[in-house]
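Below: the structure, in structure tokens.
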Amino acid sequence: MLIKAPRGTYDILPEDSSRWQYIEKIMKETAEIFGYREIRIPIFEHTELFERGVGETTDIVSKEMYTFSDKAGRSLTLRPEGTASCVRALIEHSQYGGLLPIKWYYVGPMFRYDRPQTGRYRQFHQFGVEAFGSNNPYIDAEVIILLIEVLLRLGLEEYELHLNSVGCPECRGEYRQKLIEHIEPYQDRLCKDCQTRYTQNPLRVLDCKNEACHQAIEGYPTLFSNLCDKCQEHYAKVKETLIENEVSFMHDDNLVRGLDYYTNTAFEIHIPGIGAQSAVGGGGRYNGLVEECGGPDLPGIGFAMGMERLLLAVDKLGEKFAEDKEPDVFIAVMDPAYESQGMKILQLLRKAGIKAEKDYNQRKAKAQMKYADKIGARAVILIGEEEVEKGFLTLRNMRSKEQFQVDPQDLVRSVCKTLLID
RNA sequence: GUGGGUGUAGCUCAGUUGGUUAGAGCACCAGAUUGUGGCUCUGGGGGCCGUGGGUUCGAGUCCCAUCAUCCACCCCA
């Protein structure tokens, strides 16, 4: 029985890795320009971190975590997202004690036990940023602008930015009560999922896609209209700043987001045409999270982008990625007796920074030439009886088909000349 | 967790109402005289027909299960 990659996981082969390197580079560069620095966090954490940080009632914690016990009986979980780990690291290393804000970014795999489909995997990759220690609405805007900047640099100009404010614990608490009262009479008309949402996290009834549920709760009070003055002001400033910086968005009353820790600003980015899973990024403010995880009362805001989905969107643009896998030079030996000599020349060229290859499959002279051609070598160095006896090397330009004898002492210079002329 | 589609060579796919040693194209390897590429020609290696059961004289073809994959629901990145 052939062992295959586990469900929902996949290999990124060399022919694809250049695409990944391309988007990773753009993300990192953009984040650095915005003043964010890379943090590398563990792939797994104590299960409790996610239970507390992400929230017990979320889909992630309640049914999507890869949880296991290690040999000492600890319950560990493959990280389903990055924010909780960043918060843990922040607290663990007392990073809050220094200059604020703290601005971090991360790139790496996340794990969720979900049913795979287009743009959704069990091991998927996220690029994310977190900014701790400022409750200034301008930093909310900065984070969103950074997200948009990454998209633009990737050439993705068609996006939909959904924006909402989920308020603070105070006004959201009041609103939650209002909403419960509004829904109560229609409770039994809700779908099964919403029945549980109603008792556990009524706000999430709002972003249910089920038409019947929407009809049932029609005329519900919106979160937006129930924000306290402070939250309203904060939200207004964020929107204003986005407008001033030419970031278009749409206010979305139904955007609640799945994770429990969000406060105030919440946003989600969609790119049409990449399948049902069109959210390429999302995030928001989480002012209670650091304290919830045992740290000081420190505000925070961040987002995460899904690399696979971005790649789908980038692919749709039809751009080509330079692979640069062709060698500059191929060493062909006319007889196995000269292989060791070929090996030495190979290393000589490589030391000089020339991308060089030779045959490792006992091919005959003709087959070596064929091979050199197929792998796209620009030049071939031939070593045969005559070369060894007379002490020269034959250098062939594969494009012009010119070939001439060169002095081994001047090999590197001759090769460079040939490659340049081309 | 739910629903639907698909699983035949490395890749893309044929495979007739179930019937002999399962095919093509591409790719790979080797030859077409002696130390030399892209074209052409010839030949060659390769398939537990996803897996396990069942029906049948006989299954790649039919039935069941299972696994994987794709698409959608759900949810999110």
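Using our numbering, read the first sequence as starting at 1 and increasing by one per residue.
From the three backbone atoms N, C-alpha and C, an ideal C-beta is built for every residue, glycine too.
Can you name the start and end residues of the beta strand (DSSP E) that His182 belongs to? As a first step, residue 182 is located in the first sequence; it is residue number 182 there, counting from the start. Note, His182: premise wrong, no beta strand (DSSP E); alpha helix (DSSP H) at Pro169 to Ile183.
Just the C-alpha distance for Arg413 and Leu420, rounded to the nearest angstrom, thanks. As a position in the first sequence, residue 413 is number 413, starting the count at 1. As a position in the first sequence, residue 420 is number 420, starting the count at 1. Taking the straight line joining both Cα atoms gives about 11 Å.
With DSSP as the reference, label Ser18 as helix, strand or coil. Against the first sequence, residue 18 aligns to sequence position 18. In the structure shown, Ser18 sits in a helix (DSSP, three-state: H, G or I).
Residue nearest to Glu160 in terms of C-alpha spacing, selected from Tyr186, Glu323, Gln123 and Ile271: By 1-based counting over the first sequence, the position of residue 160 is 160. Of Tyr186, Glu323, Gln123 and Ile271, the residue nearest in Cα terms is Ile271.
So, Gly133 versus Tyr96, is the Cβ gap smaller than 9 Å? One-based indexing of the first sequence puts residue 133 at position 133. One-based indexing of the first sequence puts residue 96 at position 96. For Gly133 and Tyr96, yes; Cβs fall inside 9 Å.
Is the segment 65-81 touching the segment 29-47 in the sense that three or more CB pairs, one from each, lie closer than 8 Å? yes
What are the partner residues of Pro433, as DSSP defines its beta bridges? Here the chain comprises residues numbered 1 to 422, so residue 433 is not present and cannot be evaluated.
When we look at the beta-carbon of Met27 and count the other beta-carbons within 10 Å, is it buried (16 or more) or exposed? Position 27 of the first sequence, counting from 1, holds the residue named residue 27. It counts as buried.
Three-state class that DSSP yields for Ile214 in the structure shown: Walking along the first sequence from the start, residue 214 turns up at place 214. Looking at the sequence itself, residue 214 is His, so the reference to Ile does not match. Three-state result, His214: helix.
Pull up the DSSP beta-bridge partners for Tyr66, would you. For the purposes of this step, residue 66 is taken as the residue at position 66 of the first sequence. Tyr66 is bridged to Leu78.
Using the Cα positions of Pro101 and Ile180, report the straight-line distance between them to the nearest angstrom. Here residue 101 corresponds to residue number 101 of the first sequence, with the count starting at 1. Here residue 180 corresponds to residue number 180 of the first sequence, with the count starting at 1. Whole-angstrom Cα-Cα distance: 37 Å.
Ile145, DSSP secondary structure in three states: Start at 1 with the first residue of the first sequence, and residue 145 comes out as number 145. Correct three-state label for Ile145: helix.
Which partner residues of Lys103 appear in the DSSP bridge assignment? Here residue 103 corresponds to residue number 103 of the first sequence, with the count starting at 1. Beta-bridge pairing links Lys103 to Ala131.
Contacts around Arg197, its chain only, beta-carbon distance under 6 Å, and the 5 residues preceding and following it disregarded: Within the first sequence, the letter at position 197 stands for residue 197. Same-chain partners within the cutoff: Arg204 and Val205.
If I follow the unbroken alpha helix (DSSP H) through Val388, where does it start and stop? Against the first sequence, residue 388 aligns to sequence position 388. Here the alpha helix (DSSP H) through Val388 covers Glu385 to Lys390.
For Arg350, the first and last residue of its enclosing alpha helix (DSSP H): Numbered from its first residue, the first sequence carries residue 350 at position 350. Taken as a continuous stretch (DSSP letters only), the alpha helix (DSSP H) holding Arg350 covers Glu339 to Lys351.
Classify Leu13 as buried or exposed, calling it buried when 16 or more other Cβ atoms lie within 10 Å of its own Cβ. Walking along the first sequence from the start, residue 13 turns up at place 13. With fewer than 16 other Cβ atoms within 10 Å, it is exposed.
Going residue by residue through the segment 295-380, where are the continuous alpha helix (DSSP H) segments of at least 4 residues, counting only ones entirely within it? 307-317, 339-351 and 365-374
Three or more C-beta pairs below 8 Å linking the segment 276-289 and the segment 219-230: no
According to DSSP, simplified to helix, strand and coil, what is Gln117? Along the first sequence, one-based indexing puts residue 117 at 117. The answer is strand: DSSP assigns Gln117 an E or B state.
Ile375 and Pro327 look like a contact to me (Cβ under 8 Å); what is the Cβ gap, rounded to whole Å? By one-based count along the first sequence, residue 375 stands at place 375. By one-based count along the first sequence, residue 327 stands at place 327. Rounded, the Cβ-Cβ distance is 6 Å, consistent with contact.
Between Ile3, Gln187, Ala365 and Thr9, which has its C-alpha nearest Gly119's C-alpha? Within the first sequence, the letter at position 119 stands for residue 119. It is Thr9 whose Cα lies nearest to the Cα of Gly119.
With 16 other CB atoms within 10 Å as the buried threshold, where does Lys103 fall? Here residue 103 corresponds to residue number 103 of the first sequence, with the count starting at 1. When all chains shown are included, Lys103 counts as buried.
Can the beta-carbon of Gly282 be found less than 9 Å from the beta-carbon of Glu268? Position 282 of the first sequence, counted from the first residue, corresponds to residue 282. Position 268 of the first sequence, counted from the first residue, corresponds to residue 268. Yes, the Cβ-Cβ distance between Gly282 and Glu268 is below 9 Å.
Taking its Cβ as the centre, do 16 or more other Cβ atoms sit within 10 Å of His251, making it buried, or is it exposed? Here the question's residue 251 lines up with position 251 in the first sequence. It is exposed - the Cβ of His251 has fewer than 16 other Cβ atoms within 10 Å.
Own chain residues within Cβ distance below 6 Å of Arg7, not counting five before or after: Locating residue 7 in the first sequence gives position 7, where the first residue counts as 1. Closer than 6 Å at the Cβ level, and outside the excluded window around Arg7, lies no residue.
Pull up the distance between the alpha-carbon of Ala5 and that of Arg122, whole angstroms please. Here residue 5 corresponds to residue number 5 of the first sequence, with the count starting at 1. Here residue 122 corresponds to residue number 122 of the first sequence, with the count starting at 1. Taking the straight line from one Cα to the other gives about 11 Å.
Smallest Cα separation from Phe124: which of Glu81, Val150 and Val87? Here residue 124 refers to the residue found at position 124 of the first sequence. Among Glu81, Val150 and Val87, the Cα nearest to that of Phe124 belongs to Glu81.
Classification of Tyr138 by the beta-carbon crowding that lies within 10 angstroms, buried from 16 upward: Reading the first sequence from its first residue, position 138 is the one you call residue 138. By the 10 Å Cβ count, Tyr138 comes out exposed.
Going by DSSP, what residues sit across from Leu163 in a beta bridge? If you number the first sequence from 1, residue 163 lands on position 163. Answer is His251 and Phe267, bridged to Leu163.
Going by beta-carbon coordinates alone, are Pro116 and Lys178 separated by less than 9 Å? Locating residue 116 in the first sequence gives position 116, where the first residue counts as 1. Locating residue 178 in the first sequence gives position 178, where the first residue counts as 1. Not closer than 9 Å, so no.
Does the segment 180-195 come into contact with the segment 208-219, if we say contact requires no fewer than three beta-carbon pairs (one atom in each stretch) closer than 8 Å? yes
Cβ-Cβ distance between Val380 and Leu349 below 9 Å: Indexing the first sequence from 1 puts residue 380 at position 380. Indexing the first sequence from 1 puts residue 349 at position 349. In this structure, Leu349 does not lie closer than 9 Å to Val380 by Cβ.
Short of 7 Å in beta carbon distance, which residues of its chain neighbour Ala89, apart from the five on each side in sequence? Order them along the chain. Position 89 of the first sequence, counted from the first residue, corresponds to residue 89. Counting only Cβ-Cβ distances below 7 Å, and skipping sequence neighbours, we find Ile39 and Ile41.
Determine the extent of the alpha helix (DSSP H) in which Glu240 is found, giving its start and end residues. Position 240 of the first sequence, counting from 1, holds the residue named residue 240. It spans Asp229 to Glu244 - the alpha helix (DSSP H) in which Glu240 sits, taken as one unbroken run.
List the DSSP bridge partners of Phe44. Stepping through the first sequence from its first residue, residue 44 is reached at position 44. Phe44 pairs with Leu78.
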